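Notes follow the structure.
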Amino acid sequence: MNPLLSIVCPTFNQAAFLARALDGFLSQQTTFPFEILVNDDASTDGTALVLAKYAALYPEIIRPFYQEENQYQQGKTCTPGIFKEARGRYIAYCEGDDYWTDPQKLQIQVDFLEANHDYVLTYHDAMAFDVNGERGIQLLGKWRRDASAVELQQGRPISTLTVCFRNVLHELPQELLHAPLGDMCWWSLLGAHGKGKFLGRIKPAAYRVHPGGIFSMRSHRRKLHMNLQTYSALANYYHRMGNQPLYEYFLTQLFGMCLSAISPFQKLCALGLVARNVSINLGKRLIPSRSERHVQ
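In structure tokens, the structure reads:
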């Protein structure tokens, strides 16, 4: 029987954590079959051995993928390829160092998507933690609510390890293949297919903060640079697609991020250039050209 849902789990050098993630997947209580796709990105710490052990125990559920060379170090991501391998109507995502705590999670999310075809994505809370204990809910305030299709297209924050969405991301556009924050690109593309639903009754997933994390332990400057690259990729994509509102939205975000990345003096220079360009453009619009003033 084909699975209704595919769990996608990328992992790299997470031998100490992967079993906890896999146990969280296998503990899901569902009325439908699901599969678990785990991609090991050429780990060197025994992660592949943990994966092979679980795959041998659950051959009907776990489908392992082993990379011979590390793809991330080559500027590539395994995710588009694994999405293509997913046989389920829905995809749930969780990296190998995080884990789920609610055995009803997938059932609740799939039930909602099955009954509400105008929604493409569901998500819930995640609790960040490190070796010292809990660090608090990942997203707060206005982000703990539903998302409109436009908000998804704008790449609004979502706790990635909590998502369950319709399997419609068969290929990523060329502009987005190497964007550092791939999940932001997924939300943006999914927004073309519907809205997002926040399901507060699902227990928070566990988001592990540790030195090996791709994003969580990066410096502020490095995170800013990753955001800049991703927003630039999305701006290029929407420019090619002819979507002017989204193109301008991501350009505006880029402008704000660029200002935050430079020194106070350079900020003043940049704002001076903006003021100059605005005055020139306004002048062109307000002052009629010679041909417009000439009357036969």
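In the numbering used here, the protein residues as written are 56 to 351.
By construction, the Cβ of each residue, glycine as well, lies at the ideal position given by its N, Cα and C atoms.
Please read these numbers as outputs of a predicted model, since none were measured by experiment.
Beta-bridge pairing of residue i - partner residues as DSSP gives them
i: Tyr292; result: For Tyr292, which the question treats as bridged, DSSP gives no partner whatsoever.
i: Cys149; result: Paired residues: none, contrary to the question.
i: Phe121; result: A small fix is needed here, since residue 121 is Tyr in this sequence, not Phe. Tyr121 pairs with Asp95.
i: Cys324; result: BP columns for Cys324 are empty, so no partner.
i: Leu176; result: Phe220 and Gly251
i: Cys64; result: Val93
i: Met182; result: Ile192 and Ala261
Distance, residue j Cα to residue i Cα
i: Leu323; j: Leu279; result: 20 Å
i: Gly101; j: Tyr174; result: 39 Å
i: Phe253; j: Thr177; result: 6 Å
i: His275; j: His265; result: 15 Å
i: Asn282; j: Phe87; result: 37 Å
i: Gln362; j: Ala290; result: The chain is shown only over 56 to 351; residue 362 falls outside these bounds and no answer can be derived.
i: Pro235; j: Pro158; result: 31 Å
i: Ile146; j: Ala316; result: 36 Å
i: Glu226; j: Gly210; result: 18 Å
i: Leu224; j: Trp155; result: 23 Å
i: Ala107; j: Leu77; result: 12 Å
i: Gln122; j: Phe80; result: 22 Å
Helix, strand or coil at residue i according to DSSP, with G and I counted as helix
i: Gln351; result: Unreliable placement is indicated for Gln351, whose pLDDT of 40 sits below 50; no coordinate value is reported for it.
i: Leu227; result: coil
i: Leu104; result: helix
i: Ala278; result: One point to set straight first is that residue 278 is Lys, not Ala, in the sequence displayed. Lys278 falls in the helix class under three-state DSSP.
i: Ala111; result: helix
i: Lys197; result: helix
i: Ala260; result: strand
i: Pro212; result: coil
i: Ile137; result: helix
i: Gly191; result: strand
i: Ala330; result: helix
i: Ala202; result: strand
Buried versus exposed, by CB contacts within 10 Å (16 or more), residue i
i: Pro65; result: buried
i: Ala330; result: exposed
i: Thr307; result: exposed
i: Ala260; result: buried
i: Ile137; result: buried
i: Asn68; result: buried
i: Gln128; result: exposed
i: His172; result: exposed
i: Leu161; result: buried
i: Asn332; result: exposed
Beta-carbon separation (whole angstroms), residue i vs residue j, contact threshold 8 Å
i: Gly262; j: Met312; result: Before going further, note that residue 262 is Tyr rather than Gly in the sequence given. Tyr262 to Met312, Cβ: 23 Å. No contact.
i: Ala204; j: Gly237; result: Wrong, their Cβ atoms sit about 20 Å apart, outside the cutoff.
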